[in-house]
Amino acid sequence: MNSEKTASEIEEAVIDGSSANAPGYLKGNPRRKEAEKERQELKKKKLEQEAVFFDDLIDNLLIPKGLVTEKEKSFIFVQENAAASRKFWEVWLANYNKLQDMDGKVILKQYIDYEFDVKPSTVLKEKMCSVPDNIFEMDFYFERLARFAADFQTEWKTPHFYMKKNQSGANVLKEEYETPRNVEAEEIALKIWDLINNFDTVNTSVMDYYSKVLNELPGKTIDAENSKQIYIDIFGNARQAKVFEQNRFGLLRDYARVLFLVKDNWEKRLERTYDNFTTFDDTSESINTILENRLKEIDTMFS
């Protein structure tokens, strides 16, 4: 966001009840005028806080991390969908900061290496392209969400130019904001936004799980048997363990659904092909199979 431009937009958005151009309902009514003044001051404060939040997010995190481009930074806040846009990025930032502050990631790896008999990433990297070695390394997914959101918000709000015939039959270049490209980008951007609540919930549970694992690791030699015992001690019963796995694998399936929408759109828009992708249905089936095997393993562990 451009701070100078933002300040101007804030002034335009706030009603000045004392000006000659004030709405008619404020004239000759001191109490109504005073009440409106308070509302407008609150509105101005909210808009200023909003501008500071997005300027800080863009300049101090998204740009330095390479998660948005110079062009995209102007489209991170979608004014016409202010509440949903702001919520997405606020929840995204809170989770991303917690992940960056998380300690013990290196130590945790020795447990994660034994968490599954066959790592899910071994199967899924051939179906949904790039995935982290630890399939539930949440930093990876939050960075992907930021990249996807920045790209599709930009595509949604960027005008496109088409040759059209005017009334005289001559070809003219026309600027449009409601082209099929804009509409498709909007639909995908909204689906990306919709993911954030589930990511928030699952990330909280995954981070809590990893924190408990870290508390169990000191003084222990980690192998497949000890890894399973730590898992049993953390969850206590099969029901809680199954709910946890169903939630995090469910999120992985939801992410895959959006990932394939992104991939298909990019292939069409950029006229290129991405390797190591199958289809969403095939990937979803593989995720379901991995989950089913995990649930059977839980039954065995707690029997």
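Each number in my numbering comes from the position in the sequence shown (counting from 1) with 501 added on.
Quick reminder that beta carbons are idealized off the backbone N, C-alpha and C, glycines included.
Just so it is clear, the structure is predicted and the values come from calculations on it, not from any experiment.
Residue i, DSSP secondary structure in three states
i: E772; result: coil
i: K721; result: coil
i: K658; result: helix
i: V624; result: helix
i: F637; result: coil
i: F578; result: coil
i: T454; result: What is shown of the chain runs 502 to 804, which leaves residue 454 out entirely.
i: S706; result: helix
i: S787; result: helix
i: V607; result: helix
i: V763; result: helix
i: L696; result: coil
i: F617; result: coil
Identified DSSP bridge partners for residue i
i: V673; result: K665
i: F778; result: M629
Same chain only: Cβ atoms within 7 Å of residue i, ignoring 5 sequence neighbours per side
i: T655; result: K572, E573, F576
i: D727; result: The question names Asp, but residue 727 is Asn in the sequence shown. Same-chain partners within the cutoff: K721.
i: M639; result: L600, N704, V707
i: A725; result: Y615
i: F781; result: A757, R758, F761
Cβ-based neighbour list, residue i, same chain, cut-off 8 Å, excluding 5 preceding and 5 following
i: D783; result: K628
i: S787; result: V624, L625, K628
Backbone CA spacing between residue i and residue j [nearest angstrom]
i: L674; j: R758; result: 36 Å
i: R540; j: F578; result: 23 Å
i: A647; j: Y710; result: 24 Å
i: V553; j: I733; result: 46 Å
i: W767; j: G567; result: 19 Å
i: Y678; j: A686; result: 11 Å
i: R587; j: E551; result: 8 Å
i: D556; j: D800; result: 50 Å
i: F637; j: S622; result: 9 Å
i: G670; j: T680; result: 21 Å
i: F617; j: K713; result: 18 Å
i: L771; j: N683; result: 15 Å
i: L752; j: K545; result: 38 Å
Neighbourhood of residue i by C-beta, 6 Å cutoff - its chain only, sequence neighbours within 5 removed
i: L563; result: V569
i: F649; result: I693, V763
i: K729; result: M802
Are the segment 615-634 and the segment 656-666 in contact at 8 Å, needing three or more beta carbon pairs? no
Determine contact between the segment 691-707 and the segment 773-790, defined as no fewer than three beta-carbon pairs at a distance below 8 Å. no
For the structure I just gave you, are there three or more beta carbon pairs, one from the segment 739-747 and one from the segment 607-618, closer than 8 Å? no
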